[in-house]
Amino acid sequence: MEKGKVDVLLGLQWGDEGKGKVVDVLTPQYDVVARFQGGPNAGHTLEFEGEKYVLRSIPSGIFQGGKVNIIGNGVVLAPDLFMQEAKDLEKSGHDLHSRLHISKKAHLIMPTHRILDAAYEQAKGKSKVGTTGKGIGPTYTDKISRNGLRVGDIFDNFEAKYAAHKKRHEDMLQALGYTDYDITEVEKTWMEGVEYLKNFKIVDSEHEVDHLLRDGKTILCEGAQGTMLDIDFGSYPFVTSSNTISAGACTGLGVGPNKINDVYGIMKAYCTRVGAGPFPTELFDETGKRIRDLGHEYGAVTGRERRCGWIDLVALRYAIMINGVTKLIMMKSDVLDDFDTIKACVAYKHNGKETREFPYNIEEGIEPVYVEMEGWKTDMTHFTSEEQFPDAFKKYIDFLEHELETPITIISIGPDREQTIIRK
Numbered sequence: 042m043e044k045g046k047v048d049v050l051l052g053l054q055w056g057d058e059g060k061g062k063v064v065d066v067l068t069p070q071y072d073v074v075a076r077f078q079g080g081p082n083a084g085h086t087l088e089f090e091g092e093k094y095v096l097r098s099i100p101s102g103i104f105q106g107g108k109v110n111i112i113g114n115g116v117v118l119a120p121d122l123f124m125q126e127a128k129d130l131e132k133s134g135h136d137l138h139s140r141l142h143i144s145k146k147a148h149l150i151m152p153t154h155r156i157l158d159a160a161y162e163q164a165k166g167k168s169k170v171g172t173t174g175k176g177i178g179p180t181y182t183d184k185i186s187r188n189g190l191r192v193g194d195i196f197d198n199f200e201a202k203y204a205a206h207k208k209r210h211e212d213m214l215q216a217l218g219y220t221d222y223d224i225t226e227v228e229k230t231w232m233e234g235v236e237y238l239k240n241f242k243i244v245d246s247e248h249e250v251d252h253l254l255r256d257g258k259t260i261l262c263e264g265a266q267g268t269m270l271d272i273d274f275g276s277y278p279f280v281t282s283s284n285t286i287s288a289g290a291c292t293g294l295g296v297g298p299n300k301i302n303d304v305y306g307i308m309k310a311y312c313t314r315v316g317a318g319p320f321p322t323e324l325f326d327e328t329g330k331r332i333r334d335l336g337h338e339y340g341a342v343t344g345r346e347r348r349c350g351w352i353d354l355v356a357l358r359y360a361i362m363i364n365g366v367t368k369l370i371m372m373k374s375d376v377l378d379d380f381d382t383i384k385a386c387v388a389y390k391h392n393g394k395e396t397r398e399f400p401y402n403i404e405e406g407i408e409p410v411y412v413e414m415e416g417w418k419t420d421m422t423h424f425t426s427e428e429q430f431p432d433a434f435k436k437y438i439d440f441l442e443h444e445l446e447t448p449i450t451i452i453s454i455g456p457d458r459e460q461t462i463i464r465k
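In my numbering, each number is its position in the sequence shown, counted from 1, plus 41.
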């Protein structure tokens with residue numbers, strides 16, 4: 042019997058690398074797409090056939106007809122936001138009910154989790170993390186402290202369970218002195234979302250994944266956010282609340298490590314970050330603003346301006362190492378089409394010493410060491426093969442592959458599905 046395989050696709054920077062588009066491009070090669078962590082704080086934008094879609098909780102393989110899409114146990118799900126997202130997709134002609142499966146073990150984001158999110162951020166004062174306010178952190182906190190409410194609970198004495206969890210949150214908010222809130226309307230929509238969830242196939246996703254693999258099916262695991270936001274290996278404490286690295290696919294779907302085949306690591310040709318936290322190659326000048334404008338670097342969910350800077354190869358080497366990346370995918374190469382000079386950070390000066398390794402703390406005492414290269418000064422957005430690439434861009438690719446010791450197999454030269462060059 043042919044055994045199936047599992048590949049993982051994830052971001053290598055601080056999120057917003059363009060994962061949604063790549064999942065959509067790669068999906069035809071797979072039978073199943075499965076999301077393994079994160080929540081509606083992560084927006085994956087896809088553009089094709091003149092339409093633009095933003096997915097928050099639903100896997101990006103949903104647009105390829107007939108594919109099974111799984112929301113895994115590692116995801117945190119807000120029923121009201123999920124309902125809105127799913128109904129919007131259904132209006133555009135995409136049938137979800139027959140092919141979207143949801144893990145019983147995925148945790149639910151309650152309305153009071155969002156209030157707790159705001160209360161915790163306020164209590165931090167100047168040391169705010171810069172959360173999206175979607176209740177992600179408090180939901181994962183409840184999960185880890187064994188106080189969570191899960192999708193599977195909606196079928197078993199749910200109202201009593203919900204009331205007990207809500208009361209606990211209200212007591213916590215009272216203790217924080219955060220009492221000026223009203224969730225009446227939100228709660229009503231949230232409960233409608235819970236009823237809507239019941240229309241979907243709610244599964245023991247770890248068993249489903251195992252059965253699919255035994256049947257010889259191929260699965261693409263889709264990560265949210267980026268490696269440098271990982272709760273363990275990211276720029277802590279300015280991180281998300283889940284494991285965004287490839288190991289998260291094992292815990293977020295119930296996949297054994299020996300089942301993982303290729304790990305696709307997605308990066309931009311430059312670097313961005315949303316919210317607070319250290320960012321060694323950040324540009325505060327006109328170049329940074331120009332990258333932001335040319336790359337339309339605004340959050341898919343929040344609309345927040347993204348901070349922009351040159352590519353950081355110290356952080357990328359680190360991300361490749363801890364994820365076991367086998368293939369690199371470079372996005373938004375076209376954004377740098379008109380720059381005279383391109384820079385890449387190859388090392389840090391950390392407290393006066395040069396290092397190529399990512400240090401424990403990058404908040405202070407970090408000075409990027411740059412290599413400068415000639416820009417390609419060519420509009421690549423209409424190219425259809427790598428043979429058309431200008432020599433300066435080919436040199437940039439060769440330089441990155443040498444520095445990162447990993448092949449770049451796909452290059453994106455625009456937001457549309459068609460603007461994708463798969464290298465031989």
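Every residue gets a Cβ at the ideal spot worked out from N, C-alpha and C, and that includes glycine. None of these values were measured; they are calculated from a predicted model.
Backbone CA spacing between residue 75 and residue 303 [nearest angstrom]:
By 1-based counting over the sequence shown, the position of residue 75 is 34. By 1-based counting over the sequence shown, the position of residue 303 is 262. Residue 75 and residue 303 have their C-alpha atoms some 15 Å from each other.
Top-ranked residue by Cα proximity to residue 124, from 51, 212, 221 and 227:
Position 83 of the sequence shown, counted from the start, is the residue given in the question as residue 124. For residue 124, the closest of 51, 212, 221 and 227 by C-alpha to C-alpha distance is 227.
What does a CB cutoff of less than 8 Å around residue 60 pick up in its chain, not counting 5 residues either side in sequence?
Counted from its first residue, the sequence shown places residue 60 at position 19. Hits under 8 Å: 50, 51, 52, 85, 101, 263, 264, 265 and 307.
Can you find the residues in the same chain that come closer than 7 Å, C-beta to C-beta, to residue 137, ignoring five residues on each side of it along the sequence?
The residue you call residue 137 lines up with position 96 of the sequence shown. Cβ within range, chain order: 103, 127, 130 and 131.
Give the secondary structure of residue 457 by DSSP, where H, G and I count as helix, E and B as strand, and everything else as coil.
Against the sequence shown, residue 457 aligns to sequence position 416. Three-state result, residue 457: strand.
Look up residue 185 in the DSSP assignment and give the residues it is bridged to.
Start at 1 with the first residue of the sequence shown, and residue 185 comes out as number 144. Answer by DSSP bridge pairing: none, since residue 185 is not bridged.
Residue 347 beta carbon less than 9 Å from that of residue 397
On the sequence shown, residue 397 is found 356 positions in, with the first residue counted as 1. On the sequence shown, residue 347 is found 306 positions in, with the first residue counted as 1. Residue 347 is positioned such that its CB atom lies no closer than 9 Å to that of residue 397.
In its own chain, which residues sit with a C-beta less than 8 Å from the C-beta of residue 151, not counting the 5 before and 5 after it?
Locating residue 151 in the sequence shown gives position 110, where the first residue counts as 1. In the same chain as residue 151, and ignoring 5 residues on each side of it, the C-beta atoms closer than 8 Å to its own belong to 176, 180, 190, 203, 206, 207, 210 and 231, in chain order.
For residue 467 and residue 352, I'd like the C-alpha separation in whole angstroms.
Beyond the ends of the chain as shown, which are 42 and 465, falls residue 467; an answer cannot be given.
Beta carbon of residue 309, beta carbon of residue 58: below 9 Å?
Against the sequence shown, residue 309 aligns to sequence position 268. Against the sequence shown, residue 58 aligns to sequence position 17. Between residue 309 and residue 58, the CB-CB gap stays under 9 Å.
Proximity below 9 Å, CB of residue 46 to CB of residue 255:
Here residue 46 corresponds to residue number 5 of the sequence shown, with the count starting at 1. Here residue 255 corresponds to residue number 214 of the sequence shown, with the count starting at 1. In this structure, residue 255 does not lie closer than 9 Å to residue 46 by Cβ.
By DSSP's criteria, residue 116 is part of a beta bridge. Which residues make up the other side?
One-based indexing of the sequence shown puts residue 116 at position 75. DSSP, once it has assigned bridges, lists 79 as partnering residue 116.
8 Å contact criterion, which residue 375 and residue 421 should meet: CB distance rounded:
Translated into positions along the sequence shown, residue 375 becomes position 334. Translated into positions along the sequence shown, residue 421 becomes position 380. At roughly 5 Å, the Cβ-Cβ gap stays under 8 Å, so residue 375 and residue 421 are in contact.
Assign residue 418 to buried or exposed, taking buried as 16 or more other Cβ atoms, counted over all protein chains shown, within 10 Å of its Cβ.
Mapped onto the sequence shown, residue 418 falls at position 377. With fewer than 16 Cβ atoms within 10 Å of its Cβ, residue 418 is classed as exposed.
Which class does residue 479 belong to by DSSP, given the choice of helix, strand or coil?
With the chain running from 42 to 465 in the structure shown, residue 479 is simply not present.
Within this structure, are the beta carbons of residue 370 and residue 427 separated by less than 9 Å?
Walking along the sequence shown from the start, residue 370 turns up at place 329. Walking along the sequence shown from the start, residue 427 turns up at place 386. No; because the gap between Cβ atoms is not below 9 Å, this pair is not in contact.
Which first and last residues belong to the alpha helix (DSSP H) in which residue 328 is found?
The residue given as residue 328 occupies position 287 in the sequence shown. Residue 328: member of the alpha helix (DSSP H) spanning 327-335, first to last residue.
Rank 366, 320, 429 and 292 by C-alpha distance to the C-alpha of residue 409 and give the top, closest one.
Taking the sequence shown and counting its residues from 1, the one referred to as residue 409 is at position 368. When only C-alpha atoms are compared, the closest one is 320.
Whole-number beta carbon distance between residue 272 and residue 224, since they are thought to touch under 8 Å
By one-based count along the sequence shown, residue 224 stands at place 183. By one-based count along the sequence shown, residue 272 stands at place 231. Contact flag wrong, Cβ pair sits at about 27 Å.
Give the secondary structure of residue 468 by DSSP, where H, G and I count as helix, E and B as strand, and everything else as coil.
Outside the displayed span of the chain (42 to 465) sits residue 468, for which this structure offers no information.
Environment of residue 318 [buried if 16+ CB atoms lie within 10 Å]:
On the sequence shown, position 277 is the one that residue 318 refers to. Around the CB of residue 318, 16 or more other CB atoms lie within 10 Å, so the residue is classed as buried.
Measuring alpha carbon to alpha carbon, tell me which of 108, 402 and 196 ends up nearest residue 28.
Here the chain has residues from 42 to 465 only, and residue 28 is not among them.
For residue 92, does the count of other Cβ atoms within 10 angstroms reach 16, so buried, or fall short, so exposed?
As a working note, residue 92 is residue 51 in the sequence shown. Exposed.
According to DSSP, residue 349 sits in a beta bridge with which residue or residues?
Position 308 of the sequence shown, counted from the start, is the residue given in the question as residue 349. Note: residue 349 sits in a beta bridge opposite 313.
Closest by CA to residue 316, which one among 344, 219 and 405?
Taking the first residue of the sequence shown as position 1, residue 316 is located at position 275. Closest option to residue 316, Cα to Cα, is 344.
May I have the straight-line CA-CA distance separating residue 72 from residue 251, to the nearest angstrom?
Mapped onto the sequence shown, residue 72 falls at position 31. Mapped onto the sequence shown, residue 251 falls at position 210. Our two residues, residue 72 and residue 251, have alpha carbons roughly 14 Å apart in a direct line.
Residue span of the beta strand (DSSP E) that contains residue 93, given as start and end
Within the sequence shown, numbered from 1, the residue matching residue 93 stands at position 52. Residue 93 -> beta strand (DSSP E) spans 92-96.
Residue 436: first and last residue of the uninterrupted alpha helix (DSSP H) it sits in
Along the sequence shown, read from residue 1 onward, the residue named residue 436 stands at position 395. That run of the alpha helix (DSSP H) goes 432-445.
Assuming residue 294 contacts residue 115 under a Cβ cut-off of 8 Å, what Cβ separation, rounded to an integer in Å, is found between them?
Numbered from its first residue, the sequence shown carries residue 294 at position 253. Numbered from its first residue, the sequence shown carries residue 115 at position 74. About 7 Å; that satisfies the 8 Å criterion.
Pick out whichever of 222, 395, 145 and 336 has its Cα sitting closest to the Cα of residue 112.
In the sequence shown, counting from the first residue as 1, residue 112 sits at position 71. With respect to the C-alpha of residue 112, the residue from 222, 395, 145 and 336 having the closest C-alpha is 145.
Take the Cβ of residue 364 as the centre, count every other Cβ of all protein chains shown within 10 Å, and call the residue buried at 16 or more, exposed below.
By one-based count along the sequence shown, residue 364 stands at place 323. Taking every protein chain shown into account, the CB of residue 364 has 16 or more other CB atoms within 10 angstroms, so this residue is buried.
What do you reckon, are the CB atoms on residue 453 and residue 62 nearer than 9 Å?
To locate residue 453, count along the sequence shown from 1; it is residue 412. To locate residue 62, count along the sequence shown from 1; it is residue 21. Cβ atoms of residue 453 and residue 62: closer than 9 Å.
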